[in-house]
């Protein structure tokens, strides 16, 4: 039965529409129910994906054929897709949980939660897309939903952030469509895996057009992931959006761009790996360096975290650049490292922005100096935020160290010029310690005379669980690394349904 492979998507779509209908019937005082209802839907979908993932990996381990291709290659529901679906659903789960506290006094809760569900649904489709048309339509479904969420509170800051995000997003979508249209014009198909088979036969005749397509796709998706020099929208959007939505943008929406980049460039355009890997190598160094050095001078914690996200994207891009290495098995390690860092960053950065949401909810501003004495005023929030910041800096025994170490290992194993990517990663990680440490200094080592504050319970719950996961990956990463390795291997299985781990 085909439908059983898509239970998570069906669940999310059902709850998205149901949230809107239930919203009509509820009185204003009972709207918080919508948050719990959405939470239940996301939890069910997440459990379904995890069960699918475990079952599929078990089948692969036993050497069994597993169906991953559906609807004539329109959808590839492989472990690579499942990995990203887990990331998107985990982020959505904790954002919605925190939002029950954060939006308690807001109107339009039905629209708020349904938009998060629709955005998550779009991202899940992007993760499975084996066709350029489905990929683009799903990308736009998720993007348009997040544009509206950014402007949710309708104040000047929200509206300005949403407008900038929308304009840049629309521009990037146009560039992506242009790049995709060239691919279709040259190959006559929109199936990503079929494009890979056709390109060797048309490369000599349409080489310039294909190179232009590669450049346009990198530029278009570069906007989506906020890579240098396409990153300038991110600080304004993250600062102006409601903090829970900032968490969603940084932890989930950006990751959607990486799905598309990896699917299209690694699978459809491997013959141009030497071209796009050079571009990615340069972008990686510039993105991580500009992001970190820009974060050094920020006085607003949301802008600091935004520039930090830009730098973290540079680390993932570095791993993707290493895929072009001819050293056996390095490409598997590089993709696995990129995937693991995407997961750890989602937990770390999502948690950091949720912590900011909790602090803001109690009337404390987003300037870093306002966090003075937070360790005494909000001990749970401060401790969780400290864990996230230390992990983002790559301190040992936290999740960020493990994923950065894998990226560094990939660059070292690749050798040659790739080692420079590892060197820049280490240098930038050291630089980042300063601005992460500055926030910790204000929270614990700056005097402040004030009463202890009552921390929002659901936000505190989100932070405790996320902090636990960050520490768990840091001290016992085996299962998470295993999952990312399977996902990487499935990407290169070309939909055959059998994964060979190298």
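Numbering (this note's numbering), first residue to last: 90 to 591. Just so you know, even glycine gets a beta-carbon here, dropped at the ideal spot from N, CA and C.
Query                                                                                                                                  : Result
Meets three-Cβ-pair contact criterion under 8 Å: the region 567-582 and the region 496-512                                             : no
First through last residue of the alpha helix (DSSP H) which encompasses residue 155                                                   : Taken as a continuous stretch (DSSP letters only), residue 155 belongs to no alpha helix (DSSP H), as it is neither H nor E.
Same chain only: Cβ atoms within 8 Å of residue 106, ignoring 5 sequence neighbours per side                                           : 203
Three or more C-beta pairs below 8 Å linking the region 180-196 and the region 205-214                                                 : yes
Three-state class that DSSP yields for residue 161 in the structure shown                                                              : coil
Among 293, 481, 531, 493, nearest to residue 436 - alpha-carbon criterion                                                              : 481
Three-pair Cβ contact test at 8 Å for the region 438-452 versus the region 468-479                                                     : yes
At least three beta-carbon pairs within less than 8 Å, the region 291-308 to the region 256-266                                        : yes
CB of residue 329 within 8 Å of CB of residue 389, strictly                                                                            : no
From 556, 342, 469, residue whose alpha carbon lies closest to that of residue 448                                                     : 469
Ranges of the alpha helix (DSSP H) found wholly within the region 173-220, counting only runs of at least 4                            : 198-217
Inter-residue Cα distance where the pair is residue 82 and residue 173                                                                 : Here the chain covers residues 90 to 591 and nothing more, so residue 82 does not appear.
Integer Cβ distance of residue 131 from residue 178, believed to fall under 8 Å                                                        : 6 Å
Rounded straight-line distance, which links the Cα of residue 422 to that of residue 591                                               : Low per-residue confidence applies at residue 591: pLDDT is 40, beneath 50, and the placement is therefore not dependable enough to give any value.
Contacts around residue 518, its chain only, beta-carbon distance under 7 Å, and the 5 residues preceding and following it disregarded : 482, 483, 493
Nearest-angstrom Cα separation, counted from residue 393 out to residue 382                                                            : 10 Å
Neighbourhood of residue 571 by C-beta, 7 Å cutoff - its chain only, sequence neighbours within 5 removed                              : none
First and last residue of the uninterrupted alpha helix (DSSP H) at residue 413                                                        : Here residue 413 belongs to no alpha helix (DSSP H), and DSSP marks it neither H nor E.
Three CB pairs or more closer than 8 Å across the region 210-221 and the region 272-281                                                : yes
Straight-line Cα distance separating residue 513 from residue 226                                                                      : 36 Å
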